[in-house]
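FYI, the numbering for the sequence shown is 18 to 427, going by the working numbering. Beta carbons: idealized from backbone N, C-alpha and C, even for Gly. Predicted, not measured: the structure shown is a model, and the values here were computed from it.
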Amino acid sequence: MVSQVVGQRRKRLYTVVAVLLAMWAAALLALNLTLIPDTYWYSYYAVDYTVGFLRRGLAGELVGLLPGEDQFFEHRVGRWVSSGAFFVALAILAWWIAVRSGRSERRLQLALLLVVLPFGFAFGLLQAGSTLFGGTALILFGVSVARAKSDRSVLVTSAIFGAVSIVLVLIHEAIPLLFGLGVIAVLAVLANQLEQKAFWASCALALGPGLVTVVVVAVFGRHGVADELCALIPHAQVSNPLAGKPTLGQLLSGFRYYDDYHDWACRNITPFYNRDLVDGIRYVGRLGVAGMIVNTVFGVGVVAIAILVIGLVSGVSPRRLLPMLRQRWLAVALGFCMTVPVFMTGVDWVRWWVSISLDIGLVYVLYVSRQPEVDSPPTRRSTRAFIVAVIALALVPVGIVPAFLAPLPI
Numbered sequence: 018m019v020s021q022v023v024g025q026r027r028k029r030l031y032t033v034v035a036v037l038l039a040m041w042a043a044a045l046l047a048l049n050l051t052l053i054p055d056t057y058w059y060s061y062y063a064v065d066y067t068v069g070f071l072r073r074g075l076a077g078e079l080v081g082l083l084p085g086e087d088q089f090f091e092h093r094v095g096r097w098v099s100s101g102a103f104f105v106a107l108a109i110l111a112w113w114i115a116v117r118s119g120r121s122e123r124r125l126q127l128a129l130l131l132v133v134l135p136f137g138f139a140f141g142l143l144q145a146g147s148t149l150f151g152g153t154a155l156i157l158f159g160v161s162v163a164r165a166k167s168d169r170s171v172l173v174t175s176a177i178f179g180a181v182s183i184v185l186v187l188i189h190e191a192i193p194l195l196f197g198l199g200v201i202a203v204l205a206v207l208a209n210q211l212e213q214k215a216f217w218a219s220c221a222l223a224l225g226p227g228l229v230t231v232v233v234v235a236v237f238g239r240h241g242v243a244d245e246l247c248a249l250i251p252h253a254q255v256s257n258p259l260a261g262k263p264t265l266g267q268l269l270s271g272f273r274y275y276d277d278y279h280d281w282a283c284r285n286i287t288p289f290y291n292r293d294l295v296d297g298i299r300y301v302g303r304l305g306v307a308g309m310i311v312n313t314v315f316g317v318g319v320v321a322i323a324i325l326v327i328g329l330v331s332g333v334s335p336r337r338l339l340p341m342l343r344q345r346w347l348a349v350a351l352g353f354c355m356t357v358p359v360f361m362t363g364v365d366w367v368r369w370w371v372s373i374s375l376d377i378g379l380v381y382v383l384y385v386s387r388q389p390e391v392d393s394p395p396t397r398r399s400t401r402a403f404i405v406a407v408i409a410l411a412l413v414p415v416g417i418v419p420a421f422l423a424p425l426p427i
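Shown next as structure tokens:
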């Protein structure tokens with residue numbers, strides 16, 4: 018039975034949910050603007066190619082094209098463009114699920130659910146690193162493959178993604194490593210009709226250019242330039258409340274402590290440009306065994322929550338994806354292996370796991386949008402799961418935690 022029309026009572030329910038989600042999003046935005054400093058996210062745009070070819074240098078070059086000499090304005094634009102682009106991609110995904118691929122009550126529930134999933138609005142707002150551009154590209158890639166009508170269309174889409182990934186790697190070198198699993202999962206599940214050769218060709222077109230660029234950045238990117246970069250960082254007062262060692266109560270009441278951005282960046286950001294791979298591994302070692310275990314358990318839990326909630330609301334079991342993933346098991350294994358260097362050299366383990374939840378959750382929700390169950394009327398159980406999930410994930414937005422027990426950039 019297909020559920021094409023939502024009754025008036027149900028419409029009122031979803032209108033209320035949508036309004037409450039909008040209020041929740043506005044509250045998070047206000048919290049971010051008033052209490053949570055963006056200093057760390059500005060640092061993603063603090064480096065350009067002034068001292069030579071560097072990793073992430075293109076990010077600084079792009080924001081440097083803006084008129085004027087206010088570097089903080091440039092950094093602020095970069096920080097909000099990354100979040101804004103991600104929100105647009107989420108909106109396109111929600112539109113595809115709720116409208117473009119069919120209309121039903123379950124589809125509407127899934128579209129609203131996207132807002133509060135671990136990789137949803139809170140993640141895009143409060144984890145505003147330039148890796149969000151990779152998440153944006155992955156979502157658009159997934160929707161494009163889902164709407165592709167032929168093998169040729171999939172190959173062309175993969176080639177376009179690969180070309181874009183060259184630019185994205187120069188903005189942040191971890192992007193193809195974090196989201197390569199998502200690309201492979203999209204091709205394995207949503208383009209399951211591809212023959213073996215066409216599948217591997219699509220993977221090569223989508224991932225090859227980005228991975229080659231990662232190697233180029235690793236081999237030819239300058240190291241040992243921390244002092245040169247430090248000299249280029251401007252002096253200005255920025256909010257850095259943690260440096261004032263406030264209590265939790267002070268933080269919640271709007272505690273302010275200001276630090277010189279130049280000094281902060283030279284302590285916490287530019288030293289990374291003096292480090293090699295071994296130094297990066299040692300830095301991650303500061304998490305300790307307990308930190309690694311806690312972050313891994315929490316991160317796997319985040320992925321499990323995303324899968325569980327999508328399955329309960331849609332009525333489509335995640336087990337349905339397993340045969341298609343097993344069919345491409347080698348590619349899927351390579352996708353997981355690509356994430357290992359990110360975990361080895363960066364301490365934001367929970368943030369990496371939330372990115373993996375996007376890799377898996379995206380392909381799952383797009384697969385669900387093709388299944389007949391999503392056009393059947395929701396059951397009491399699925400509606401209850403939807404309401405509980407929206408409330409719980411809104412109250413406890415698990416995607417906003419970068420890591421536990423990690424060294425803080427103070």
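So who's on the other strand from residue i, going by DSSP bridges?
i: Tyr275; result: Ser256
Write down the C-beta distance between residue i and residue j rounded to the nearest angstrom, noting that I regard them as a contact closer than 8 Å.
i: Tyr31; j: Leu110; result: About 18 Å separates the two Cβ atoms, so there is no contact after all.
i: Ser100; j: Gly159; result: Their Cβ separation, rounded to whole angstroms, is 19 Å, which puts Ser100 and Gly159 out of contact at 8 Å.
i: Arg345; j: Phe178; result: Between Phe178 and Arg345 the Cβ distance is about 17 Å, and since that is not below 8 Å, they are no contact.
i: Ala248; j: Tyr290; result: No, Ala248 and Tyr290 are not in contact; Cβ-Cβ is about 12 Å, not under 8 Å.
i: Phe421; j: Phe315; result: 7 Å
i: Val173; j: Ala154; result: Not quite, the Cβ-Cβ distance comes to about 15 Å (not below 8 Å), so this is no contact.
i: Cys283; j: Ile250; result: 6 Å
Do residue j and residue i count as a contact pair if the criterion is CB distance below 9 Å?
i: Val380; j: Gly151; result: no
i: Val364; j: Leu304; result: yes
i: Ala63; j: Ile286; result: yes
i: Phe403; j: Leu339; result: no
i: Val68; j: Glu245; result: yes
i: Ala176; j: Leu222; result: yes
i: Val255; j: Thr56; result: yes
i: Met355; j: Leu194; result: yes
i: Tyr59; j: His92; result: yes
i: Gly146; j: Tyr278; result: no
i: Ala139; j: Ile417; result: yes
i: Met341; j: Ala205; result: yes
i: Val415; j: Val319; result: yes
i: Val431; j: Ile201; result: Given a span of 18 to 427 for the chain in the structure shown, any question on residue 431 remains unanswerable.
i: Gln144; j: Arg368; result: yes
i: Ala165; j: Ala218; result: no
i: Ala253; j: Phe89; result: yes
Tell me the rounded alpha-carbon separation between residue i and residue j.
i: Val19; j: Ser393; result: Caution applies to Val19, whose pLDDT of 44 falls short of 50 and renders its modelled position unreliable; the value that the coordinates give is listed next. For Val19 and Ser393, the distance between alpha carbons rounds to 5 Å.
i: Met40; j: Leu50; result: 15 Å
i: Ser386; j: Val34; result: 21 Å
i: Met309; j: Val301; result: 9 Å
i: Thr148; j: Ala42; result: 21 Å
i: Ile377; j: Ala235; result: 28 Å
i: Val306; j: Trp366; result: 13 Å
i: Val105; j: Glu86; result: 29 Å
i: Val171; j: Leu224; result: 14 Å
i: Ile324; j: Gly332; result: 12 Å
i: Trp281; j: Pro226; result: 35 Å
i: Glu390; j: Asn312; result: 35 Å
i: Ala260; j: Leu45; result: 23 Å
i: Leu294; j: Pro288; result: 13 Å
i: Ser334; j: Leu383; result: 13 Å
i: Ile427; j: Pro258; result: 9 Å
i: Pro395; j: Pro54; result: 42 Å
i: Arg336; j: Lys28; result: 31 Å
i: His240; j: Val231; result: 15 Å
i: Arg26; j: Gln388; result: 26 Å
i: Phe353; j: Gly297; result: 20 Å
i: Leu127; j: Trp113; result: 11 Å
i: Val116; j: Arg273; result: 45 Å
i: Ile322; j: Ala406; result: 9 Å
i: Glu122; j: Ala409; result: 21 Å
i: Val317; j: Val233; result: 32 Å
i: Leu83; j: Gly95; result: 10 Å
i: Lys262; j: Leu48; result: 20 Å
i: Leu425; j: Tyr275; result: 16 Å
i: Leu412; j: Gly137; result: 14 Å
i: Val229; j: Ile192; result: 13 Å
Less than 8 Å between the CB of residue i and some heavy atom of the ligand SAM, yes or no?
i: Ala39; result: You won't find the ligand SAM in this model; it holds no ligand whatsoever.
Do the segment 365-374 and the segment 209-219 touch if we need at least three Cβ pairs shorter than 8 Å? no
Does the segment 178-188 touch the segment 68-86, meaning 3 or more C-beta pairs lie closer than 8 Å? yes
Is the segment 115-135 touching the segment 90-105, taking contact as three or more C-beta pairs under 8 Å? no
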